[in-house]
Amino acid sequence: MTKRYAVFLGAILAVITNAAFAQSVVPRSYIISLDRAAFGGDDYEKNPREMVLDLEQQGERWGPVFGLSRSYNMNTHGGIVRAATINGNAIELKVDTLVRSDGSVHEARGSYTISLTRNGDAVTGTFSGTFKGKDVRGKAFGTARDLTPAKGFVPLAPREHPRLLFRKADLPALKAKAETPFGKAALARMNGTTLGRGMLYQLTGDKNHADVAMQMVKAIIGEGGKDYIEDSPFTPSRPVGTRLEHVAFAYDLCFEAWPEDFKTRVRKWVLIQAHQAYFTPSKLPGNWHVQSNHVGTVFAGLATCGLVMFDEPGKEDPGTPLPYEDEQPKIVITPDDSGGVDALKGFFKKAQSGGKPAVPQIDLGAVDPGMHRLLRVSRFYMYQLFRESVGTGGFQAEVGGYSVDTTDGPNRYAPAYRRVFGYDLSPYNDIAYYVPRKVFAAGQDINGTGHIGNDYFAALFPMIPPQWQPEMLTAWRQHQKVTNDASLVNVLDNDPVHAFVNYPLDMKPAPLGTSMPLVWEAPDFGYYAFRNSWKDDAFITQVFLKARPVNGWNGQNAGTFRIKGLGQIWASGSTNRQRTRIEESVVWLPEDDVNEGGSSQVTFLKTEPDGSGVVSIDMNEVYEVDRKFYWSRYGRVRFENPNTPGTSGISGMRSIGVDYSGLSGMPLLFVVVDKLSGGNKKVWLWQTPAPPEECVKTIDNGFEIRSEGATLRGVFATPRPPVIDARTKTKEYIKAAGSGAGKTKFNVTIPSVQVEGGDNFFFVATVGKGEHPPLTVSGEGLNATVTVGKRVIRFDGNKIVFGQAP
């Protein structure tokens, strides 16, 4: 390694890791959304589009800008910071962008002046500028985060490997762990993949394992031999992501054993995959939004390659950094010393004629610019995945079994990123909360499967907040049916390498509920859940708002809920990927053309230490004219569709109350109020755990759900009297997505209680064993007051209010 390369590598590590040995300036990462920065066609007012920008600052120097405007087209866009003024919390940026063509939408240019005010990590403000030569303006918002490593973090040395699963300093302890019965059982299961062979090489020092891994990788990158990773006819992109991830881990673990020319060929293969995913996704099959089960694995595979290859050396004299970069994608593969793909404009700097003078650019020196750019672009996408696909609180977006597919790969990338750079890519409790959030729900599906998977425990255990780890260790052991030392090997299923590294043999499991909360909030998607305890028969009430759209498989389920307790299900719902509104516990408007797949927003939330709570929900978007609104693919911007004139004339809200205080005389008191105005017939639905003919009994002004040794008893304060139909129904639909969309018919069976009787509904239920306390109603409609035991319930027009009888 030349001295010049080492110096420049130290500088680039400082950009990403704040390595104290190289730079004292703390780098800062910006993710900024511009709500109306672009437009489709020629009409800005009718077809506004968002722009999401990724910027990186180091002192007075700035890196290249990357952007997404997925509502405009599918490509990854580029740009440059032309000027920057920062005065305290006031930030002004002038940014030029090149919006690349994706083959169907033409190339365009944008130039923006962005004025921001920083408050903590958040930035808000406005922007103005031009796009396609026309004036644009709007709101700007996002984050500006200083990339400060954790205390005690030791930055990577130049080309230090391994780095993804563990660092060199960790190897002696892992070798000692390998000598335990648990370790020996793990090693016996590691020989089937590149990851396993690389791990065996590190633990044993036997180069034969690295050679076998190299032959496996040769098969993966097309250099002969049989690839052990199978293709998928349904999600053809997912195996590509698996291949990339396996190549990355093998490259890292076998780095010292593989010849340089082979590593050069591997890096070229990776850049070709990156070009396809980031710059020509419209030519590939599948849904390329980060929320989709098709591509999370691909983005994670590329990003993991970025983590392991970003500091590879490039040409010895890369030339003077250029003030502007034209990143139009083009591939010309030529052998060269740098291990890059020459003239791959998406990853290499190219002169841009007419480029405007820019602020000083971060100088990569002798670091391979292609590999560093892979790190930046892949990091941008993975940040979007953690924020847009999972969100704060760890709630996965897609419905059904797809809700585990998108994060298969990202779950292994997140701890690797922390290990490489000393801080989390996203510090907002998203992927780190994924496992605890699922444990909280105890397996009941409300939007996605409750299944966790041993591989998720194994991969994400290091990301779980330390105070919860002993409890999650209990959950992991329970999930894998570990009852004694002999059955501990069960945790090695699916992913013996990550389980071996991450299972803490020296940690004592703690009972669930030791420090885990009784209320869970995942506000990005609008998930709120309430527990009365962590016992096996605990009551768990879940509410889902679908607070923003899901750009993958999703349902018409805004405002729905689920209830379980005493070992029974009391309120259920669909578990399929096709989820219609009639299959949820909501108010259904069968005679109105409304936006059944729309989103809803929280307007009030109050929680109590015992797990009780009240959440109120604005349902207006669901009750508006279908397609009245549309959301940006990224950036969380809602637009009003000018091509859908008029309104439905319908408005509505819902409030849900959960009371575990016992004042009602039962362990659970559940209240739901729906206030609607306008429209035609309203059908209030409660999805039952079995066909209603088998478990439901109608009573005066309400119904009962009977299960083994316990009952739910509910009464309507309004309407009175309600018209209750407790019969299973069937409705025919036409598929809206997937194979046969728009043509294939399917029947939906609805085991539910259906209630009619007016515009508004005020329902109060108790759940428990034995005789239920009497329930009295005074007053009328939504102004009624309901008394159950010592608990008094009323609705104040915006929220449910719990009081206490004298």
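Numbering (the numbering used here), first residue to last: 284 to 1089. Heads up, the beta-carbon is just placed ideally off N, CA and C, and yes, glycines get one too.
#1: To the nearest angstrom, how far is the alpha carbon of N837 from that of T1032?
#2: For G361, name the three-state secondary structure that DSSP assigns.
#3: By Cβ distance, which residues of its chain are closer than 6 Å to A468, with the 5 residues on each side in sequence left out?
#4: For N730, which of helix, strand or coil comes out of DSSP?
#5: Can you name the residues that DSSP bridges to N402?
#6: Give me the Cα-Cα distance between Y696 and K1012, rounded to the nearest whole angstrom.
#7: Using alpha carbons as the reference points, say which of K847, G881, Q851 lies closest to R862.
#8: My guess is that F669 and S709 are in contact by the Cβ rule of under 8 Å, so how many angstroms apart are they, rounded?
#9: Taking the alpha helix (DSSP H) that N491 belongs to, which residues open and close that run?
#10: Using the Cα positions of W759 and A373, report the straight-line distance between them to the nearest angstrom.
#11: Can you tell me the Cα-Cα spacing of H572 and E923, whole angstroms?
#12: I'd like the list of long-range same chain contacts for N903, defined as Cβ closer than 7 Å, with 5 residues on each side in sequence excluded.
#13: Assess, as a yes-or-no matter, whether the segment 883-895 is touched by the segment 942-951 under the definition of 3 or more beta carbon pairs within less than 8 Å.
#14: How big is the Cα-Cα spacing for V1071 and R401?
#15: Which class does L1101 belong to by DSSP, given the choice of helix, strand or coil?
#16: Closest by CA to D768, which one among G809, H360, Y511, L788?
#17: Taking just the CA atoms, how far does T843 sit from N730?
#18: Could you compute how far the alpha carbon of T858 sits from the alpha carbon of K980?
#19: Can you confirm whether the segment 687-695 touches the segment 802-821 when touching is taken to mean that 3 or more C-beta pairs between the two stretches lie within less than 8 Å?
#20: Please confirm whether F562 and R383 have their CB atoms less than 9 Å apart.
#21: Whose C-beta lies closer than 6 Å to the C-beta of R989 among residues of the same chain, with five residues either side of it excluded?
#22: I think G362 touches T380, with their Cβ atoms under 8 Å apart; what is that distance to the nearest whole Å?
#23: G850 to K1052, Cα distance in whole Å?
#24: Run through DSSP, which three-state label would T603 get?
#25: F349: which of M357, Y711, N356, L336 sits nearest, CA to CA?
#26: Do G412 and S394 come within 9 Å of each other at the CB atom, strictly closer than that value?
#27: Could you pull out every residue in the same chain whose Cβ sits closer than 7 Å to the Cβ of L795, ignoring the five residues on either side in sequence?
#28: Would you call the segment 716-730 in contact with the segment 793-813, where contact means no fewer than 3 C-beta pairs closer than 8 Å?
#29: Y706 and R662 - do their beta-carbons sit closer together than 9 Å?
#30: Whose C-alpha, out of P542, S520, H558, is nearest the C-alpha of A496?
#31: So what does S394 bridge to, in DSSP terms?
#32: So is Q970 in contact with chain C if we call contact Cβ pairs under 9 Å?
#33: Using alpha carbons as the reference points, say which of A366, T890, E539 lies closest to Q485.
#34: Check F304 in the structure and name its three-state DSSP category.
#35: Give me the Cα-Cα distance between T463 and M499, rounded to the nearest whole angstrom.
#36: Can you check DSSP and say which residues form a bridge with K958?
In terms of the structure at hand:
#1: The residue you call residue 837 lines up with position 554 of the sequence shown. The residue you call residue 1032 lines up with position 749 of the sequence shown. Between N837 and T1032, the C-alpha separation is close to 18 Å.
#2: As a working mapping, residue 361 is identified with position 78 in the sequence shown. The DSSP-derived three-state label of G361 is strand.
#3: Against the sequence shown, residue 468 aligns to sequence position 185. The beta carbon of A468 is closer than 6 Å to those of V772 in its chain, skipping five residues each way along the sequence.
#4: Along the sequence shown, read from residue 1 onward, the residue named residue 730 stands at position 447. N730 falls in the coil class under three-state DSSP.
#5: Here the question's residue 402 lines up with position 119 in the sequence shown. N402 is bridged to A405.
#6: Numbered from 1 along the sequence shown, position 413 holds the residue referred to as residue 696. Numbered from 1 along the sequence shown, position 729 holds the residue referred to as residue 1012. In a straight line, the C-alpha of Y696 is about 45 Å away from that of K1012.
#7: Counted from its first residue, the sequence shown places residue 862 at position 579. Distance from the Cα of R862 is smallest, within the candidate group K847, G881, Q851, for G881.
#8: Start at 1 with the first residue of the sequence shown, and residue 669 comes out as number 386. Start at 1 with the first residue of the sequence shown, and residue 709 comes out as number 426. Yes, F669 and S709 are in contact; Cβ-Cβ is about 4 Å, under 8 Å.
#9: In the sequence shown, residue 491 corresponds to position 208, counting from 1. From DSSP, the alpha helix (DSSP H) with N491 extends over 490-503.
#10: To locate residue 759, count along the sequence shown from 1; it is residue 476. To locate residue 373, count along the sequence shown from 1; it is residue 90. Rounded to the nearest angstrom, the two C-alpha atoms are 47 Å apart.
#11: Indexing the sequence shown from 1 puts residue 572 at position 289. Indexing the sequence shown from 1 puts residue 923 at position 640. Using only the alpha carbons, I get a separation of about 22 Å.
#12: For this step, residue 903 is matched to residue 620 along the sequence shown. Excluding positions up to five away in sequence, the list reads S934, G935.
#13: Judged by Cβ distances under 8 Å, the segment 942-951 makes contact with the segment 883-895, as three or more pairs qualify.
#14: Along the sequence shown, one-based indexing puts residue 1071 at 788. Along the sequence shown, one-based indexing puts residue 401 at 118. Distance between the alpha carbons of V1071 and R401 is about 49 Å.
#15: The structure shown does not extend to residue 1101, since the chain is modelled only from 284 through 1089, so no value can be given for it.
#16: Walking along the sequence shown from the start, residue 768 turns up at place 485. Among G809, H360, Y511, L788, the Cα nearest to that of D768 belongs to L788.
#17: Along the sequence shown, one-based indexing puts residue 730 at 447. Along the sequence shown, one-based indexing puts residue 843 at 560. Note on geometry: alpha-carbon atoms of N730 and T843 lie some 9 Å from one another.
#18: Walking along the sequence shown from the start, residue 858 turns up at place 575. Walking along the sequence shown from the start, residue 980 turns up at place 697. Near 25 Å, if we compare the C-alpha coordinates of K980 and T858.
#19: Contact between the segment 802-821 and the segment 687-695 is absent, with fewer than three C-beta pairs closer than 8 Å.
#20: For the purposes of this step, residue 562 is taken as residue 279 along the sequence shown, with counting starting at 1. For the purposes of this step, residue 383 is taken as residue 100 along the sequence shown, with counting starting at 1. Against a cut-off of 9 Å, the Cβ pair of R383 and F562 comes out as a contact.
#21: One-based indexing of the sequence shown puts residue 989 at position 706. If we look at R989 and ignore the five residues flanking it on each side, its Cβ neighbours are C978.
#22: On the sequence shown, residue 362 is found 79 positions in, with the first residue counted as 1. On the sequence shown, residue 380 is found 97 positions in, with the first residue counted as 1. About 4 Å; that satisfies the 8 Å criterion.
#23: Position 567 of the sequence shown holds residue 850. Position 769 of the sequence shown holds residue 1052. As the crow flies, the alpha-carbon of G850 is around 12 Å from that of K1052.
#24: Against the sequence shown, residue 603 aligns to sequence position 320. Bear in mind that a pLDDT of 43 at T603, under 50, signals an unreliable position, so the model cannot answer this.
#25: Position 66 of the sequence shown, counted from the start, is the residue given in the question as residue 349. Just measuring C-alpha positions, the residue of M357, Y711, N356, L336 sitting nearest F349 is L336.
#26: For the purposes of this step, residue 394 is taken as the residue at position 111 of the sequence shown. For the purposes of this step, residue 412 is taken as the residue at position 129 of the sequence shown. Taking 9 Å as the cut-off, the beta carbon of S394 is found closer than this to the beta carbon of G412.
#27: In the sequence shown, residue 795 corresponds to position 512, counting from 1. Around L795: E754, T757, A758, W817.
#28: Verdict: yes, contact present.
#29: As a working mapping, residue 662 is identified with position 379 in the sequence shown. As a working mapping, residue 706 is identified with position 423 in the sequence shown. It is not a contact, given that the beta carbons lie outside the stated cut-off.
#30: The residue given as residue 496 occupies position 213 in the sequence shown. Of the candidates P542, S520, H558, the one whose C-alpha sits nearest the C-alpha of A496 is P542.
#31: Counting from 1 along the sequence shown, the entry for residue 394 is found at position 111. Beta-bridge pairing links S394 to D379, T413.
#32: Annotation note: the requested chain C is absent from the structure, which comprises a single protein chain.
#33: On the sequence shown, position 202 is the one that residue 485 refers to. Q485 has its Cα closest to that of E539, out of A366, T890, E539.
#34: For the purposes of this step, residue 304 is identified with residue 21 of the sequence shown, where counting begins at 1. Any reading at F304 needs caution, since the residue's pLDDT is 32, under 50, leaving its predicted position unreliable; the model's value is listed next. Coil, per DSSP.
#35: Counting from 1 along the sequence shown, the entry for residue 463 is found at position 180. Counting from 1 along the sequence shown, the entry for residue 499 is found at position 216. Going by the C-alpha atoms only, they are around 29 Å apart.
#36: On the sequence shown, residue 958 is found 675 positions in, with the first residue counted as 1. Answer by DSSP bridge pairing, in chain order: M936.
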